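Each remark here refers to the structure printed beneath this line.
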Amino acid sequence: MSGVIFSILAGVFLALQGIVNSHTGAFVGTWHAVMINQLGGFVLAAVIWISRGGGGWRQLHEVKKLYWFGGAFAAIIVFSNITAMHHIGATLTIAALLISQLCMTFLIDARGWFDTIKQRVGRAQWLGIALMVAGVVLLRFY
């Protein structure tokens with residue numbers, strides 16, 4: 001159940017973050033907004049980490065080098081999100097984001113990339129994606 005709650009929280013804050021970053025970007029520029037976003041995330045994570053006792057530095061050498069690029073991915077995500085919201089609005093941006101995110105995770109699961117357990121992606125899952133795409137078409141054109 002906590003996984004569902006955290007997923008819902010992530011969705012709510014992703015939408016809020018996109019709106020706030022989009023408005024920030026309109027005033028200071030997109031890359032400035034990305035930097036503000038990343039700095040804010042770093043500060044909050046540091047405060048939470050320190051308030052929980054810190055530690056864990058010794059395990060950093062065990063992290064695969066590829067996974068160190070997660071923050072760089074986040075910068076691209078935020079930039080793309082801000083730019084998309086300026087062009088197509090919040091609703092379509094989040095809808096397209098969710099569809100592309102699901103397609104990418106299907107590919108990751110099917111191939112077993114990033115040390116994930118291979119999962120079969122079947123017709124039902126692709127039908128679900130197709131229905132989401134149809135929903136985006138309805139949002140955009142009707």
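The opening position of the sequence shown corresponds to residue 1 in UniProt numbering, with each subsequent residue numbered one higher. Beta carbons: idealized from backbone N, C-alpha and C, even for Gly. All figures in this text were calculated on a predicted structure; none of them were measured in a lab.
Asked, Found
"Stretch-stretch touch, CB-based, cutoff 8 angstroms, three pairs: the stretch 14-27 with the stretch 77-86", "yes"
"Short Cβ contact (8 angstroms threshold) for residue 99 with residue 132", "yes"
"Simplified DSSP state of residue 122, which is helix, strand or coil", "coil"
"Residue 91 versus residue 37: straight-line alpha-carbon distance, rounded", "20 angstroms"
"Host alpha helix (DSSP H) of residue 117 (start-end)", "First-last for residue 117: undefined, no H or E at that position."
"Simplified DSSP state of residue 65, which is helix, strand or coil", "helix"
"Inter-stretch contact (C-beta, 8 angstroms, three-pair minimum) for the stretch 118-132 and the stretch 101-109", "yes"
"Cβ-Cβ distance between residue 95 and residue 128 below 8 angstroms", "no"
"Backbone secondary structure at residue 52 - three-state DSSP", "coil"
"Terminal residues of the alpha helix (DSSP H) in which residue 59 lies", "Segment: none, residue 59 is in no alpha helix (DSSP H) and carries neither H nor E."
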